[in-house]
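Colleague:
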Amino acid sequence: MIASSTLNHSFAALADPTRRAILARLALGEATVMELAKPFEMTQPAISQHLKVLEQAGLIVQRVDGTKRPRRLAKPGIEAMDQWLAMLRKALEKNYDRLDEVLAAMEPNRKGKR
């Protein structure tokens, strides 16, 4: 089972639309702070703060490349959320399967009443 504190930090980080947009950009490939800051009307320090939150949540990692510090998605953090969401999807599918069974059982009764 995935630690709830890990998920709490991950989903709290995703509550901000700027951080979701940063993750969407990083899904295309790694990027530097300046590259990540371009589409936003905020300062580089503000973007750096968002990156810090994403790093602390385990959703992104930093790589050292000379003087550059490009960020990329962190596979373990993304996979942890995906596993948790997969558990919910599975439960939802079971609920829909049970509903399908109930509706299928009701179908013969509906046809006889017409």
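So for the sequence shown, my numbering puts the first residue at 1297; every next one is plus one. Using N, Cα and C, we set each Cβ at its ideal position, and we do this for glycine too.
1. Identify whether Arg1368 lies in helix, strand or coil by the three-state DSSP scheme.
2. In the DSSP assignment, find the unbroken beta strand (DSSP E) run with Val1329 in it and report its ends.
3. Quick one: grab the DSSP three-state call for Asp1312.
4. When we look at the beta-carbon of Ala1309 and count the other beta-carbons within 10 Å, is it buried (16 or more) or exposed?
5. Does the distance from the C-beta atom of Ile1318 to that of Leu1369 stay below 8 Å?
6. Here's the rule: buried if 16 or more other CB atoms are within 10 angstroms of the residue's CB, otherwise exposed. What is Gly1362?
7. Roughly how many angstroms lie between the CA atoms of Glu1326 and Pro1341, to the nearest whole one?
8. In whole angstroms, give me the CA-to-CA distance for Ser1344 and Lys1386.
9. Please classify Leu1388 as buried or exposed, where buried requires at least 16 neighbouring CB atoms within 10 angstroms.
10. Out of Gly1354, Val1360 and Lys1364, state which residue places its alpha-carbon closest to the alpha-carbon of Lys1371.
Modeller: From the atom records:
1. On the sequence shown, position 72 is the one that residue 1368 refers to. Strand, per DSSP.
2. Here residue 1329 corresponds to residue number 33 of the sequence shown, with the count starting at 1. Annotation: Val1329 is outside any beta strand (DSSP E); the continuous alpha helix (DSSP H) that includes it extends over Val1329 to Ala1333.
3. Position 16 of the sequence shown, counted from the first residue, corresponds to residue 1312. When secondary structure is reduced to three states using DSSP, Asp1312 falls in the coil class, being assigned neither helix nor strand.
4. For the purposes of this step, residue 1309 is identified with residue 13 of the sequence shown, where counting begins at 1. Buried, since its Cβ has 16 or more Cβ neighbours within 10 Å.
5. Position 22 of the sequence shown, counted from the first residue, corresponds to residue 1318. Position 73 of the sequence shown, counted from the first residue, corresponds to residue 1369. No, they are not a contact pair.
6. Residue numbering aside, residue 1362 sits at position 66 when the sequence shown is read from its first letter. Gly1362 is exposed by the Cβ-count criterion.
7. The residue given as residue 1326 occupies position 30 in the sequence shown. The residue given as residue 1341 occupies position 45 in the sequence shown. So the alpha carbons of these two residues sit roughly 19 Å apart.
8. Counted from its first residue, the sequence shown places residue 1344 at position 48. Counted from its first residue, the sequence shown places residue 1386 at position 90. In a straight line, the C-alpha of Ser1344 is about 37 Å away from that of Lys1386.
9. Walking along the sequence shown from the start, residue 1388 turns up at place 92. Exposed: under 16 other Cβ atoms inside 10 Å.
10. In the sequence shown, the residue the question calls residue 1371 occupies position 75. From the listed residues Gly1354, Val1360 and Lys1364, the smallest Cα separation to Lys1371 is found for Gly1354.
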